[in-house]
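Reading through the structure tokens given below for one structure.
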Amino acid sequence: MSTVRKPSYLVDGIAQVGACGLFLLQILAAIPSSLRHIKETIRQVWFVGAMSLTIIMTCGLFVGMVLGLQLYYVLSIFGGTAALGTVVSLSLYRELGPVVTALLFAGRAGTSITAEIGLMRATDQISAMEMMAVDPLAYVVAPRFIAGVIAMPLLACVFNALGIFGAHLVGVSWLGLDNGTFWSNMTSSVDVWKDVINGVWKSVAFGAVCTLIATFQGYTTAPTSEGVAYATTRTVVFSSIATLALDFVMTAFLM
Amino acid sequence: MSTEPQAPAAGNAPTPNPLIRIRGLSTVLNGKTIFDKVDLDIPRGKITAIMGPSGTGKTTLMRHITGQLAPDAGEVWVDGQNVVKLDRAKLFALREKIGYLFQNSALLTDYSVFENVAFPLRQHLDLPEVLVRNLVLTKLQAVGLRGAAELTPHELSGGMIRRVALARAIVRDPMLIIYDEPFVGLDPIALNQILKLIRVLNDTLGITSILVAHELAAVRLIADSIFLIAGGKIAAHGTPDELARGETPWTKQFFTGAADGPVPFQYPAPDYATQLGLAGAGA
Amino acid sequence: MAQRQSFQIGTGLFILLGFAALAYLATQTTSVANFSQGDSYDLKARFTNVGQLKLRAPVKIAGVRIGSVANVVLEPDKLDALVTLSIDKRFSKIPDDSAAAVFTSGLLGDQYVAIQPGGSPDMFKNGDEVILTQSSMQLEELIGKYLVGSGDAAKNAGDKAAGADKDKPPAKP
Ligand SMILES: Nc1ncnc2c1ncn2[C@@H]1O[C@H](COP(=O)(O)OP(=O)(O)OP(=O)(O)O)[C@@H](O)[C@H]1O
Ligand SMILES: [Mg+2]
Chain A
6 MSTVRKPSYL VDGIAQVGAC GLFLLQILAA IPSSLRHIKE TIRQVWFVGA
56 MSLTIIMTCG LFVGMVLGLQ LYYVLSIFGG TAALGTVVSL SLYRELGPVV
106 TALLFAGRAG TSITAEIGLM RATDQISAME MMAVDPLAYV VAPRFIAGVI
156 AMPLLACVFN ALGIFGAHLV GVSWLGLDNG TFWSNMTSSV DVWKDVINGV
206 WKSVAFGAVC TLIATFQGYT TAPTSEGVAY ATTRTVVFSS IATLALDFVM
256 TAFLM
Chain B
4 MSTEPQAPAA GNAPTPNPLI RIRGLSTVLN GKTIFDKVDL DIPRGKITAI
54 MGPSGTGKTT LMRHITGQLA PDAGEVWVDG QNVVKLDRAK LFALREKIGY
104 LFQNSALLTD YSVFENVAFP LRQHLDLPEV LVRNLVLTKL QAVGLRGAAE
154 LTPHELSGGM IRRVALARAI VRDPMLIIYD EPFVGLDPIA LNQILKLIRV
204 LNDTLGITSI LVAHELAAVR LIADSIFLIA GGKIAAHGTP DELARGETPW
254 TKQFFTGAAD GPVPFQYPAP DYATQLGLAG AGA
Chain C
387 MAQRQSFQIG TGLFILLGFA ALAYLATQTT SVANFSQGDS YDLKARFTNV
437 GQLKLRAPVK IAGVRIGSVA NVVLEPDKLD ALVTLSIDKR FSKIPDDSAA
487 AVFTSGLLGD QYVAIQPGGS PDMFKNGDEV ILTQSSMQLE ELIGKYLVGS
537 GDAAKNAGDK AAGADKDKPP AKP
């Protein structure tokens with residue numbers, strides 16, 4: 006009895022990761038032919054990027070304001086409130102900007118990518134494209150993937166800028182920190198390459214991972230309403246886990 | 004790569020140089036035998052109708068012909084190429100020459116009617132916008148929907164969706180058009196127009212048409228020959244008039260619509276009384 | 387057609403906004419901002435100990451930034467730190483008897499060079515040396531001074547505070 010193959014979450018999980026990796030290779034192979042559909046890519050940058058701006062900007066502002074309040078309190082214990090700008094900008098650029106943007110992106114754009122591709126699969130639109138000799142990987146998947154990789158770092162930068170603005174609002178305008186101190190401390194300890202650009206690399210990686218998961222889940226969904234629903238949920242769960250795990254790895258090796 | 008077999012299908016009148024030649028096709032889906040060593044030739048330049056009871060595998064056969072589904076055994080030759088063995092690039096090149104009307108239409112829901120019909124043109128040909136416009140509007144005019152060009156699929160009725168899908172299938176004037184149930188949801192006027200359209204396209208452009216349909220009366224008007232598929236085999240083959248005479252039990256039952264005969268109305272199932280729990284009650 | 391045009395413009399605006407944010411972060415909130423200060427002139431100053439003074443650390447008068455640390459090297463023969471201060475041209479009226487000191491912002495903050503203006507009628511010129519300097523206060527030494535309270539530690543810290551005793555090798559942290 007015990008030799009009968011038991012359904013194992015571990016084996017299934019590894020199989021999923023493997024399938025996802027192969028899917029990534031297929032997407033990369035389809036990218037050259039997807040350049041013909043450059044308009045579609047532009048359209049997707051609009052959908053996954055520009056349409057996510059509202060949520061990214063709002064959240065960036067509030068995250069910055071909360072950081073301003075909390076860190077001001079913590080720093081005031083050590084009499085180091087002058088370092089508020091530094092601490093806020095470093096935590097935003099190195100961690101919170103890329104990670105929170107990726108989590109929001111998974112919820113806002115990732116789910117819509119999964120649902121859209123899943124519905125196209127369920128209503129035979131994917132088959133219809135294949136029948137019209139159009140490769141859905143090149144026409145549907147690759148443009149979304151490229152758009153995600155482009156949009157994520159840009160969104161993270163907007164998030165960071167709004168975060169700095171929010172922290173400045175709280176620290177300087179409300180709590181009365183000196184404007185010059187805020188900026189000069191920040192500018193003297195934040196490094197372009199080590200902090201800003203490394204953060205951008207992080208979000209490029211997150212963009213690739215989140216859109217890979219979203220398109221994979223949509224593309225391989227069971228063609229039923231329940232299948233699409235599950236796939237959408239899995240997109241959020243897996244994207245979040247992958248983002249945080251990858252964040253740890255990249256922080257350990259990059260920074 | 005093996006070469007295309009030249010012998011005519013057993014039991015068929017010899018068809019010289021057919022467009023589609025199927026040999027020994029066997030398919031099992033979900034443990035159910037859909038095809039059992041089917042041989043079939045579809046001649047060029049003719050309208051060939053495929054008929055048969057619901058769920059017998061007509062759509063599946065079309066999916067084999069277009070390489071969407073690989074059979075468990077057998078060869079499917081289309082225009083001299085065995086689609087079972089084609090790689091993706093060659094298969095796509097072949098599909099560019101095939102127009103396919105999906106049974107469920109499969110329109111791209113994000114695009115307008117116009118863009119749906121223009122889709123195959125835009126994807127493969129770099130035509131000037133004026134030409135695309137003229138081609139698309141011509142095809143839409145042919146199916147009577149030129150005025151609906153700017154609507155989106157969810158603003159259309161079922162019959163209109165069928166006609167848009169039809170326009171999309173024929174927009175590139177392919178060498179082979181496969182119509183999977185084109186008459187579903189059409190009113191008698193539209194039905195007549197579509198019948199005429201299929202015949203005219205076939206004759207003026209010299210293309211080959213495969214027509215999957217249940218409406219015998221409509222099929223009789225335009226089809227050159229009919230294959231009746233039932234029970235995983237070709238149950239009958241001939242001109243519409245030959246089949247309509249109902250000389251075999253298959254054709255007789257199918258064309259008179261009798262519930263009793265070789266074709267079961269029921270999908271294979273356990274005994275009715277047993278399943279309802281009545282088996283022991285009556286005894 | 388008009389609709390397609392509009393989302394293309396929107397996408398373009400989005401990408402511009404993203405890059406503008408990146409450019410803002412990279413140039414206005416990082417040390418790059420300190421390079422963009424236009425014309426400057428150099429002053430030199432010697433310290434027995436610069437502590438954790440880093441390149442591009444601010445140079446301030448009365449708490450206001452006037453320039454940055456351009457270079458820190460050890461002078462091989464005298465064994466003390468020679469610091470090059472790059473001062474903004476706008477602040478060219480600094481008396482040449484002004485003193486320079488390495489201070490720490492806050493208890494644990496970064497270190498910077500503070501200049502205390504003197505009263506001389508002559509002003510510093512490019513390449514001049516700041517004679518009066520005061521080295522960095524080392525936290526360890528201060529702790530040693532107050533915890534142990536031994537004369538040796540007190541003397542040591544006192545010497546530090548007194549500044550320009552160039553005979554002692556700098557105690558590298
Ligand atoms: N993806 C699939 N997996 C398993 N079985 C399938 C699949 N698609 C179709 N079948 C089975 O294959 C059989 C033939 O299906 P097909 O769609 O070819 O029928 P059809 O002849 O086109 O019927 P209709 O006239 O109703 O359109 C059916 O019994 C169906 O249950
Ligand atoms: Mg069917």
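Listed in order, the protein sequences are those of chains A, B and C. Quick note on the working numbering: the first sequence kicks off at 6 and runs consecutively. Quick note on the working numbering: the second sequence kicks off at 4 and runs consecutively. Quick note on the working numbering: the third sequence kicks off at 387 and runs consecutively. Quick reminder that beta carbons are idealized off the backbone N, C-alpha and C, glycines included. These numbers were taken from a predicted model, which means no experiment stands behind them.
(request) Indicate the three-state DSSP secondary structure (helix, strand or coil) for B:E78 in the structure shown. (result) strand
(message) Helix, strand or coil, according to DSSP, for C:D553 in the structure here?
(response) Model confidence at C:D553 stands at a pLDDT of 46, short of 50, so the residue's coordinates are unreliable; what they give is reported in the following sentence. Coil.
(message) Tell me whether the region 13-26 of chain A and the region 71-86 of chain A touch, counting them as touching only if at least three CB pairs, one residue from each stretch, are closer than 8 Å.
(response) The region 13-26 of chain A is not in contact with the region 71-86 of chain A.
(request) Within 10 angstroms of the Cβ of C:L402, are there 16 or more other Cβ atoms? Answer buried if so, exposed if not. (result) exposed
(message) Nearer than 6 Å: is that true of the beta carbon of B:K61 relative to any heavy atom of ligand 2?
(response) B:K61 Cβ: within cutoff of ligand 2.
(message) Just to make sure I have the definition right: I need the residues of chain A whose C-beta is within less than 9 Å of the C-beta of B:P123. Which are they?
(response) M137, A138, V139
(request) Please determine, among A:A34, A:S117, A:D200, A:H173, the residue with the shortest C-alpha to C-alpha distance to A:G65. (result) Ranked by Cα distance from A:G65, the options A:A34, A:S117, A:D200, A:H173 are led by A:H173.
(request) Using a Cβ cut-off of 8 Å, pull out every chain A residue sitting near C:D474, in sequence order please. (result) Those within 8 Å of C:D474 in chain A number zero; the least Cβ separation is about 13 Å.
(request) Tell me, please, whether the CB atom of B:L128 is closer than 7 Å to any CB atom in chain A? (result) no
(message) Do A:M191 and C:T413 count as a contact pair if the criterion is CB distance below 7 Å?
(response) no
(request) State the DSSP-derived secondary structure class of C:F453, mapped to helix, strand or coil. (result) The sequence shown places Gly at residue 453 of chain C, rather than the Phe named in the question. Here C:G453 sits in strand by DSSP.
(message) What would DSSP say about B:L110, mapped onto helix, strand or coil?
(response) coil
(message) According to DSSP, C:K446 sits in a beta bridge with which residue or residues?
(response) C:R451, C:A500
(message) Below 8 Å on C-beta distance, what does A:S230 contact in chain C?
(response) Within chain C, no residue comes near A:S230; the closest Cβ sits about 29 Å away, beyond 8 Å.
(request) For chain A, find out if any of its Cβ atoms is closer than 7 Å to the Cβ of B:R98; answer yes or no. (result) yes
(message) Just checking: is the beta-carbon of C:Y410 within a distance shorter than 7 Å of some beta-carbon in chain A?
(response) Chain A places a beta carbon closer than 7 Å to that of C:Y410, counting this residue as a contact.
(request) Give the single residue among A:G18, A:L167, A:A35 whose Cα lies nearest to the Cα of A:F67. (result) A:L167
(request) Please go through the same chain and pick out, in chain order, the residues whose beta-carbon is closer than 8 Å to the beta-carbon of B:M54, but skip the five residues on each side of it. (result) K61, V215, A216, H217, L219, V222, I229, F230, L231, I232, F257
(request) Name, in chain order, the residues that DSSP records as bridge partners for C:M523. (result) DSSP, once it has assigned bridges, lists no residue as partnering C:M523.
(message) When you measure from the CB of B:N107 to every non-hydrogen atom of ligand 1, does any distance come out below 6 Å?
(response) No, the Cβ of B:N107 stays beyond 6 Å of every heavy atom of ligand 1.
(request) Sort B:S212, B:Q106, B:G241, B:V41 by Cα distance to B:S29 and report the nearest one. (result) B:V41
(message) With distance defined between alpha-carbon atoms, name the residue in B:A170, B:P191, B:G188, B:D190 nearest to B:I201.
(response) B:A170
(request) Give a yes or no on whether the minimum CB-CB distance between C:T397 and chain A is below 7 Å. (result) yes
(message) Considering just the uninterrupted stretch of the alpha helix (DSSP H) at A:G204, what are its terminal residues?
(response) Looking at the DSSP string, the run of the alpha helix (DSSP H) that includes A:G204 is 203-224.
(request) Pull up the distance between the alpha-carbon of A:A143 and that of B:L159, whole angstroms please. (result) 29 Å
(request) Return the chain-ordered list of same chain residues with a C-beta closer than 7 Å to the C-beta of B:A262, the five sequence neighbours on each side being excluded. (result) Answer for B:A262: F268, listed in chain order.
(request) Flag A:D196 as yes if its beta-carbon sits less than 7 Å from any beta-carbon of chain C, otherwise no. (result) yes
(request) Name, please, each residue of chain B whose Cβ falls closer than 8 Å to the Cβ of A:T128. (result) In chain order: N107, A109, T112.
(request) Tell me whether the beta-carbon of C:G396 lies closer than 7 Å to the beta-carbon of A:W198. (result) If you check the CB distance, C:G396 and A:W198 do not come in under 7 Å.
(message) Is B:G234 near ligand 1 - that is, is its Cβ less than 6 Å away from at least one heavy atom of it?
(response) no
(request) Go through its chain and collect everything with a Cβ distance to B:A151's Cβ below 6 Å, but skip five positions before and after it. (result) Shown here for B:A151: same chain residues with a beta carbon closer than 6 Å to its own, the five before and five after excluded, namely V116 in chain order.
(request) Use the C-beta contact count for A:S194: other C-beta atoms within 10 angstroms, 16 or more gives buried, fewer gives exposed. (result) buried
(message) Any beta carbon of chain A sitting closer than 7 Å to that of B:F117?
(response) no
(request) Could you please tell me which residues of the region 70-93 of chain B, in chain order, have their CB closer than 7 Å to any CB of chain A? (result) Q71
(request) Out of C:M509, C:D483, C:K531, point me to the one whose CA is closest to C:L518's CA. (result) C:D483
(message) Within a Cβ cutoff of 7 Å, which residues of the same chain sit near C:D553, ignoring the five residues on either side of it in sequence?
(response) With a pLDDT of 46 at C:D553, under the threshold of 50, the predicted position of this residue should be treated as unreliable, and no value is reported.
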